[in-house]
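Novice:
There are 2 protein chains.
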Amino acid sequence: MQTLEKTEPKLAQLKTLLTEINDIESAASLLYWDQATYMPPEGAAARGRQLATLAQIAHTKFTDPQIGQLLEDLRPYEQSLAYDSDEASLIRITRHDYERAVNIPPAFTAKFSQHTAECYEVWAKARATNDFATVAPYLEKTLELSRDRANFFPGYEHIADPLIADADYGMTVKSVRSLFTQLRQELVPIVEAIASQPVADASCLHQHFPEAEQLDFSFKVIEQLGYDFQRGRQDKTLHPFMIKFSTGDVRITTRVRENDLNEGLFSTIHETGHALYEQGVSRAYEATPLAGGTSAGVHESQSRLWENMVGRSRPFWKCFYPQLQETFPQQLGKVDLETFYRAINKVERSLIRTDADEVTYNLHVLIRFDLELQLLEGKLAIRDLPDAWNERYKSDLGITPPNDSIGVLQDVHWYGGAIGGAFQGYTLGNLMSAQFFATATQAHPEIPQQIASGNFTTLHDWLKQNLYQHGRKYTAAELIQRVTGSPLQIEPFISYIKQKFGELYGI
Amino acid sequence: MQTLEKTEPKLAQLKTLLTEINDIESAASLLYWDQATYMPPEGAAARGRQLATLAQIAHTKFTDPQIGQLLEDLRPYEQSLAYDSDEASLIRITRHDYERAVNIPPAFTAKFSQHTAECYEVWAKARATNDFATVAPYLEKTLELSRDRANFFPGYEHIADPLIADADYGMTVKSVRSLFTQLRQELVPIVEAIASQPVADASCLHQHFPEAEQLDFSFKVIEQLGYDFQRGRQDKTLHPFMIKFSTGDVRITTRVRENDLNEGLFSTIHETGHALYEQGVSRAYEATPLAGGTSAGVHESQSRLWENMVGRSRPFWKCFYPQLQETFPQQLGKVDLETFYRAINKVERSLIRTDADEVTYNLHVLIRFDLELQLLEGKLAIRDLPDAWNERYKSDLGITPPNDSIGVLQDVHWYGGAIGGAFQGYTLGNLMSAQFFATATQAHPEIPQQIASGNFTTLHDWLKQNLYQHGRKYTAAELIQRVTGSPLQIEPFISYIKQKFGELYGI
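Protein sequence lines, in the order shown, are assigned to chains V and P. Take the first sequence: its position 52, counted from the start at 1, is 52 in the working numbering, and no numbers get skipped. Residues are numbered in the working numbering as their position in the second sequence, beginning at 1, plus a constant of 1000.
#1: Under 8 Å: do the region 1270 to 1286 of chain P and the region 1459 to 1470 of chain P share three or more Cβ pairs, one atom per stretch?
#2: I'd like to know whether the C-beta atoms of residue 1271 of chain P and residue 1229 of chain P end up nearer to each other than 9 Å.
#3: Tell me which same chain residues have a C-beta within less than 7 Å of the C-beta of residue 168 of chain V, skipping the five on either side of it?
#4: Taking C-beta pairs closer than 7 Å, name the residues in chain P that residue 106 of chain V reaches, listed in chain order.
#5: Is DSSP giving residue 349 of chain V helix, strand or coil here?
#6: When the Cα atoms are used, what is the spatial distance from residue 114 of chain V to residue 1104 of chain P?
#7: Taking three-plus beta-carbon pairs below 8 Å as touching, is the region 187 to 202 of chain V in contact with the region 221 to 240 of chain V?
#8: Straight-line CA distance for residue 1574 of chain P to residue 1373 of chain P?
#9: Measure the alpha-carbon distance for residue 318 of chain V versus residue 337 of chain V and round it to whole angstroms.
#10: Alpha carbon to alpha carbon, what distance is there between residue 393 of chain V and residue 15 of chain V?
#11: Which stretch, first to last residue, makes up the beta strand (DSSP E) that contains residue 1180 of chain P?
#12: Evaluate the contact criterion for the region 447 to 460 of chain V versus the region 144 to 158 of chain V: three or more CB pairs, one atom per stretch, below 8 Å.
#13: Taking Cβ-Cβ distances shorter than 8 Å, what residues in chain P pair up with residue 34 of chain V?
#14: Thinking just about the alpha-carbon of each residue, which of P:1259, P:1235, P:1263 is nearest to the one in residue 1250 of chain P?
#15: For residue 18 of chain V, which residues from the same chain have a beta carbon less than 6 Å from its beta carbon, with the 5 sequence-adjacent residues on both sides left out?
#16: Of all Cβ atoms in chain P, is any one closer than 9 Å to the Cβ of residue 42 of chain V?
#17: As a quick exercise: from V:409, V:447, V:422, V:136, pick the residue whose alpha carbon is nearest that of residue 300 of chain V.
#18: Let me confirm a value: residue 1002 of chain P is counted as buried when at least 16 other C-beta atoms fall within 10 Å, else exposed. Which label applies?
#19: Starting from the C-beta of residue 1283 of chain P, find all residues in its chain whose C-beta is less than 8 Å away, skip the five residues before and the five after it, and write them out in chain order.
#20: In chain order, what residues of the same chain lie with their CB nearer than 6 Å to the CB of residue 484 of chain V, ignoring the 5 residues before and after it?
#21: In the DSSP assignment, find the beta strand (DSSP E) that holds residue 267 of chain V and state where it starts and stops.
#22: For chain P, find out if any of its Cβ atoms is closer than 9 Å to the Cβ of residue 39 of chain V; answer yes or no.
#23: Could one say the Cβ of residue 113 of chain V lies closer than 9 Å to chain P's Cβ atoms, at least one of them?
#24: Do you know whose CA, among P:1347, P:1208, P:1244, P:1325, lies nearest residue 1201 of chain P's CA?
#25: Please list the segments of the alpha helix (DSSP H) lying wholly inside the region 9 to 90 of chain V, counting only runs of 4 or more residues, in order along the chain.
#26: Have a look at V:140, V:343, V:381 and flag the residue whose alpha-carbon is nearest the alpha-carbon of residue 312 of chain V.
#27: For residue 1475 of chain P, which residues in chain V fall below 7 Å Cβ to Cβ?
#28: Whole angstroms are fine: how far does the CA of residue 1109 of chain P sit from the CA of residue 1417 of chain P?
#29: Quick one: grab the DSSP three-state call for residue 246 of chain V.
#30: Using the rule of at least 16 other Cβ atoms within 10 Å of the residue's Cβ for burial, across every protein chain shown, is residue 361 of chain V buried or exposed?
#31: Measure from the C-beta of residue 286 of chain V to each C-beta in chain P and report whether the shortest distance is under 9 Å.
#32: Pairing CB atoms from the region 255 to 264 of chain V with CB atoms from the region 1053 to 1060 of chain P, are three or more of them under 8 Å?
#33: What is the DSSP secondary structure of residue 334 of chain V, reduced to helix, strand or coil?
#34: Does DSSP classify residue 1164 of chain P as helix, strand or coil?
#35: What did DSSP end up calling residue 494 of chain V once you bin it into helix, strand or coil?
#36: Pull the bridge partners of residue 1236 of chain P from the DSSP assignment, please.
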């Protein structure tokens, strides 16, 4: 094969360059992990500079025209291969990343980083003092820069499309908005119906649960779920996250509140879901752009699948509740399984997204998504954002934030990054989690019973086989179609919610 | 000033390039620290590659002709400045590093790394099975490559000079050998005299001391010594080391043996000595080649000064022994201070360098130094090395290793790196520690009493002022002359040994 003779060295050269870039990015990830776990306070200044240096070197190397030329030279070879072959996928995904990277001028990236760093500082104070006005001018600038950023990718249908594509490639305002509109129509009446019922009693979760025992229990749980501690570890941090340095080193971080059993346990299972995804990516993709989760939404689908569909299910606690009672005999010895199950699935119309239950959670996301589109479209001014926020909370959740600190100022996303693109993944993930889980249990109806006996192998293997191993080979849309046989839909999620919470709340 | 107008941008440019290189090297250091402390087992393969990638990028950037050109352009400016000005020193030390770096071809470095990695693997097995013969051919190759390495720096007087200069710039075989010959003449009779006395009873150190309490005690000790935990931290590892990521982040690692109180405590103080040096370097040198210890010997002088002159002294334990007894009441409650002091200063002719006491330690180093010179000179063949080793142990320490595992195979240095240059620093450090400590106590005779009351400020401040702040500005020789008023000598060390151990052993 004449083509192959010419292309093999070029593909090898591309892989070598990509491995080098991956190594720099992995080192940057470790700098970040260390900063969030063990770094002493006075290491901060140099650490920020070190992170910036590595990011800049990786960016320079990745946007080198040599990479563009190699990708161009490899185009005929790529076209001669099956779309889903590893090599074609590697070239395709690398080209996608390359084109996104070269379109944004480094000077803009620098300006944007500097601005969002300043905006973040101002926001942190503004949130503490309930003072939206001081951060508003910074947010104006962020909005302007977010539009500028989108405009580096002309040809979009909606100005938010390029921003959404950053996290959820293949999704657009049109496709997301269609799903979210249906979802809202379904969810608002469900939330209203639940709100008319007595509130579940979650007081059993708010006793004193010593940190060491909580950590020990969650360690055992996630090991049983299939998290491989030979290829990962768990450390404490302020804001939990999952991070990957290689397929052999995928770590999670956790925080624990001694007066709230929910926090440590479910955030640990959540991060474990992300980690199971990354630990499951094919080793053949190591150190290439294929070695990662394919989109924010698909990643979130795995954290939520394990956290909610598994971790907040009756079968799961049928298995683990006796162990939890043994761990905390004084606190839970006299609390029966049903009371505990209802406590961890308490539904309540509340103000804070990150504390919201499975039913109301997506309404919080939808509010943010709609508002950021209106901002980008120029239909909403920054100065009117707090009122718009509060009105929408009133109409969708029936409550009004008493102040901006726990209203429009609560989430970091707009204040520490672009406006647009950062929220839709949460709800896309929830929708996907239900669609994937329904497909898995359809293929293996024994999964719930297995979970009740502490066996997660069938589910985990199914996910590895159908999702995890592929890394970034398929887009979210391709993956969903391939795995579930249909595009992303809201029905599996609505059906899951209706069944679970219908039974719980008798509605 | 016309010169300044031309040079300022060049100096700024040089600093920018050096900061970038420093950041890459700091990231590599963190990769190493993590590997030695927290990394899960299966992270190893990718970690090795990541470390190699960063080392290669840093080397490529540092040996870029652009740096050579800037250094050349800055020469007139450097010459217009005082020798010990910060800027002249920065240019001078950078040039020194640059010239050493560019003289070694990257292909040689790769070959050398690959060989020493293989040799290390073979050695690890050979040591375990007491089989010098299998590693001998690898050691032959190491010897050849060590000579090749030296030959990239022609014009030396002795072939080991360039290898010594790597770790202890300014020192040569001639200067080191002269000191070491005198030292041996003094030490051998002292060791013989002590050996004729009854052996001290160290059994009190070999009880069961739980790890957590040991760590807790050493934490308090080193904090009181002046180790700044806002700019550092302590973690467990297999082979303790100190490591620096920035002046604000200088960490130590520790190991603890529950049946040996010596191990954890004194290795912690040892690494703290290294860390105090690095924490004390002027912040003005941050992220430049000036921001580090100036030589292996001077670094070791600080670890040994704090470990031995301070940590194994009577005043030190007058302060800390009551606290140690409180920590371990069952084990030490009935052991009096004098017994404990004699136990931690027990002198014994033994086979293992790393376990050796202050008196015999340097004899171990001198044996290795002399043998490696003979190897490099071609006066000793690798096959004859075990016999030469054993003979020298017999003549200097009066004992013969029963096998090569605890004889010629005991230290990693020759088997995991070059032959030549790695051992002299240990003894140079011991000599320097005594000369510096004598100067400090001469200037501040109150230091011992202060130590007895747990106050280390005068000593620490004196070291910061006279040594630490200067980083790499002065060579070891310059620093010693400047601080102590004379070149490095053996007298302060011999006098310290004679006084301390003469009193202990009545000789």
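Ideal placement from N, C-alpha and C gives every residue a C-beta, glycine not left out.
Specialist: Inspection of the coordinates gives the following:
#1: Because the criterion of three Cβ pairs below 8 Å is met, the region 1270 to 1286 of chain P and the region 1459 to 1470 of chain P touch.
#2: As a working mapping, residue 1271 of chain P is identified with position 271 in the second sequence. As a working mapping, residue 1229 of chain P is identified with position 229 in the second sequence. No.
#3: Position 168 of the first sequence, counted from the first residue, corresponds to residue 168 of chain V. If the five residues before and after residue 168 of chain V are omitted, its C-beta is found closer than 7 Å to the C-beta atoms of 295, 296, 297, 424, 425, 428, 476, all from its own chain and listed in chain order.
#4: Here residue 106 of chain V refers to the residue found at position 106 of the first sequence. In chain order: nothing, as chain P lies at least about 15 Å away.
#5: Counting from 1 along the first sequence, the entry for residue 349 of chain V is found at position 349. DSSP places residue 349 of chain V in the coil class of the three-state scheme, outside both helix and strand.
#6: If you number the first sequence from 1, residue 114 of chain V lands on position 114. If you number the second sequence from 1, residue 1104 of chain P lands on position 104. Their Cα atoms are separated by approximately 40 Å.
#7: As far as the Cβ criterion goes, the region 187 to 202 of chain V does not touch the region 221 to 240 of chain V, which means the pair count is below three.
#8: The structure shown does not extend to residue 1574 of chain P, since chain P spans only 1001 to 1507, so no value can be given for it.
#9: By 1-based counting over the first sequence, the position of residue 318 of chain V is 318. By 1-based counting over the first sequence, the position of residue 337 of chain V is 337. The alpha-carbon separation between residue 318 of chain V and residue 337 of chain V amounts to approximately 8 Å.
#10: Stepping through the first sequence from its first residue, residue 15 of chain V is reached at position 15. Stepping through the first sequence from its first residue, residue 393 of chain V is reached at position 393. Cα to Cα, the separation comes out at about 49 Å.
#11: Here residue 1180 of chain P corresponds to residue number 180 of the second sequence, with the count starting at 1. Unbroken run through residue 1180 of chain P is the alpha helix (DSSP H), 1173 to 1195; no beta strand (DSSP E).
#12: Output reads no: the region 144 to 158 of chain V does not touch the region 447 to 460 of chain V.
#13: Position 34 of the first sequence, counted from the start, is the residue given in the question as residue 34 of chain V. Per Cβ cutoff of 8 Å: 1030, 1034.
#14: Counting from one through the second sequence, the residue named residue 1250 of chain P turns up at place 250. Answer by Cα proximity: P:1235.
#15: Sequence index remark: in the first sequence, residue 18 of chain V carries index 18 (1-based). Here the set comprises 288.
#16: In the first sequence, residue 42 of chain V corresponds to position 42, counting from 1. The beta carbon of residue 42 of chain V sits closer than 9 Å to some beta carbon of chain P.
#17: Here residue 300 of chain V refers to the residue found at position 300 when the first sequence is read from its first residue. Nearest C-alpha to residue 300 of chain V: V:422.
#18: Within the second sequence, numbered from 1, the residue matching residue 1002 of chain P stands at position 2. Bear in mind that the predicted position of residue 1002 of chain P carries a pLDDT of just 45, short of 50, making it too unreliable to give a figure here.
#19: The sequence position of residue 1283 of chain P within the second sequence is 283, counting from 1. Result list for residue 1283 of chain P: 1247, in chain order.
#20: Within the first sequence, the letter at position 484 stands for residue 484 of chain V. Hits under 6 Å: 435, 439.
#21: If you number the first sequence from 1, residue 267 of chain V lands on position 267. Looking at the DSSP string, residue 267 of chain V is not in any beta strand (DSSP E); the run it does join, the alpha helix (DSSP H), is 261 to 279.
#22: If you number the first sequence from 1, residue 39 of chain V lands on position 39. At a cut-off of 9 Å between beta-carbon atoms, residue 39 of chain V makes contact with chain P.
#23: Sequence index remark: in the first sequence, residue 113 of chain V carries index 113 (1-based). Under the 9 Å criterion on CB atoms, residue 113 of chain V is classed as non-interfacial with respect to chain P.
#24: The residue you call residue 1201 of chain P lines up with position 201 of the second sequence. Of the candidates P:1347, P:1208, P:1244, P:1325, the one whose C-alpha sits nearest the C-alpha of residue 1201 of chain P is P:1347.
#25: Scanning the region 9 to 90 of chain V from its first residue to its last, the whole alpha helix (DSSP H) runs of 4-plus residues come out as 44 to 62, 65 to 73, 75 to 80.
#26: For this step, residue 312 of chain V is matched to residue 312 along the first sequence. Residue 312 of chain V has its Cα closest to that of V:343, out of V:140, V:343, V:381.
#27: Counted from its first residue, the second sequence places residue 1475 of chain P at position 475. For a Cβ distance threshold of 7 Å, nothing in chain V lies close to residue 1475 of chain P: the least Cβ distance comes to about 26 Å.
#28: Sequence index remark: in the second sequence, residue 1417 of chain P carries index 417 (1-based). Sequence index remark: in the second sequence, residue 1109 of chain P carries index 109 (1-based). The straight-line gap from Cα to Cα measures roughly 11 Å.
#29: As a position in the first sequence, residue 246 of chain V is number 246, starting the count at 1. In the structure shown, residue 246 of chain V sits in a strand (DSSP, three-state: E or B).
#30: For this step, residue 361 of chain V is matched to residue 361 along the first sequence. It counts as buried.
#31: In the first sequence, residue 286 of chain V corresponds to position 286, counting from 1. For residue 286 of chain V, the answer is yes, since a Cβ of chain P falls inside 9 Å of its Cβ.
#32: The region 255 to 264 of chain V is not in contact with the region 1053 to 1060 of chain P.
#33: Position 334 of the first sequence, counted from the start, is the residue given in the question as residue 334 of chain V. In this structure, residue 334 of chain V counts as coil in the three-state DSSP scheme.
#34: Along the second sequence, one-based indexing puts residue 1164 of chain P at 164. DSSP places residue 1164 of chain P in helix when its eight states are reduced to three.
#35: Here residue 494 of chain V refers to the residue found at position 494 when the first sequence is read from its first residue. Annotated three-state conformation of residue 494 of chain V is helix, per DSSP.
#36: As a position in the second sequence, residue 1236 of chain P is number 236, starting the count at 1. Residue 1236 of chain P is bridged to P:1254.
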